[in-house]
Amino acid sequence: MSSAAPEPAPAAVPTRPLTAQEEAVVRALTHLIHALPRAIDGDMVRERRLTLTEYLTLMHLSEAPDRRLRMGDLADVCDMSLSGTTRVVHRLESEGFVRRVRCGEDGRGRHAALTASGLARLESAWPAHLAAVRRHLLDHLAGLDLRALAAAFRNIAT
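First residue of the sequence shown: 4, per our numbering; consecutive thereafter.
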């Protein structure tokens with residue numbers, strides 16, 4: 004029987020309080036994370052009767068090889084759950100914008116495939132999406148180093 008002593012708890016790392024500027028950034032980012040998608044979604048629904056989630060699903064499919072993705076891969080690139088992706092694909096399928104097809108590799112999985120009418124729907128919605136992204140985000144970033152900002156966002160996300 005081993006009588007090894009339990010390992011000591013790691014020493015607490017002193018936490019530096021946020022400066023007023025850091026606090027302002029954290030609070031603004033928290034608000035942005037929730038407000039920006041809602042604002043773009045509202046514009047898209049009002050102007051094109053297409054949700055932001057539906058638009059992004061069509062967009063990712065349009066960029067995929069053969070304009071199709073396995074459902075799990077589509078969920079990953081859309082940053083959604085598989086069940087949420089299934090619901091969106093089902094809605095888009097009912098409108099003829101997407102179809103589900105068996106995966107040729109294993110026959111068990113399913114691909115979501117963009118249809119010609121889905122591509123046309125995406126192309127018709129693109130100007131409204133672009134305008135919403137400019138109005139709600141990019142127009143507010145004038146004068147900032149967008150390359151550095153994009154790199155910082157990628158670093159935060161990973």
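All C-beta atoms, glycine included, are put in the ideal place defined by N, C-alpha and C.
Open item on the list: For residue 114, which residues in the same chain have their Cβ closer than 8 angstroms to its Cβ, ignoring the five residues on either side in sequence?
Closed with: Translated into the one-based positions of the sequence shown, residue 114 becomes position 111. So the list reads 71, 72, 73, 74, 103, 104, 105 and 106, once near-sequence residues are dropped.
- [ ] Starting from the C-beta of residue 112, find all residues in its chain whose C-beta is less than 6 angstroms away, skip the five residues before and the five after it, and write them out in chain order.
- [x] Residue mapping note: residue 112 aligns to position 109 of the sequence shown, counting from 1. Excluding residues within five positions, the ones whose Cβ falls inside 6 angstroms are 73 and 106.
Task: Beta-carbon separation (whole angstroms), residue 60 vs residue 77, contact threshold 8 angstroms - done: Residue numbering aside, residue 60 sits at position 57 when the sequence shown is read from its first letter. Residue numbering aside, residue 77 sits at position 74 when the sequence shown is read from its first letter. At roughly 7 angstroms, the Cβ-Cβ gap stays under 8 angstroms, so residue 60 and residue 77 are in contact.
Task: 8 angstroms Cβ cutoff met for residue 64 and residue 91 - done: Taking the first residue of the sequence shown as 1, we reach residue 64 at position 61. Taking the first residue of the sequence shown as 1, we reach residue 91 at position 88. In this structure, residue 91 does not lie closer than 8 angstroms to residue 64 by Cβ.
- [ ] Pull up the distance between the alpha-carbon of residue 40 and that of residue 10, whole angstroms please.
- [x] Residue numbering aside, residue 40 sits at position 37 when the sequence shown is read from its first letter. Residue numbering aside, residue 10 sits at position 7 when the sequence shown is read from its first letter. Taking the straight line from one Cα to the other gives about 46 angstroms.
- [ ] Starting from residue 123, follow its DSSP beta bridges and name the residues at the other end.
- [x] If you number the sequence shown from 1, residue 123 lands on position 120. DSSP lists no partner for residue 123.
Open item on the list: Measuring only the C-alpha atoms, how far is residue 85 from residue 140?
Closed with: Residue mapping note: residue 85 aligns to position 82 of the sequence shown, counting from 1. Residue mapping note: residue 140 aligns to position 137 of the sequence shown, counting from 1. Rounded to whole angstroms, residue 85 to residue 140 spans 28 angstroms at the Cα level.
TODO: Give me the Cβ distance between residue 58 and residue 119, rounded to the nearest whole Å; I'm assuming they're in contact under 8 angstroms.
DONE: Numbered from its first residue, the sequence shown carries residue 58 at position 55. Numbered from its first residue, the sequence shown carries residue 119 at position 116. Not confirmed; about 17 angstroms, so no contact.
Open item on the list: With distance defined between alpha-carbon atoms, name the residue in 136, 142, 152 and 160 nearest to residue 47.
Closed with: The count along the sequence shown starts at 1 and reaches residue 47 at position 44. It is 136 whose Cα lies nearest to the Cα of residue 47.
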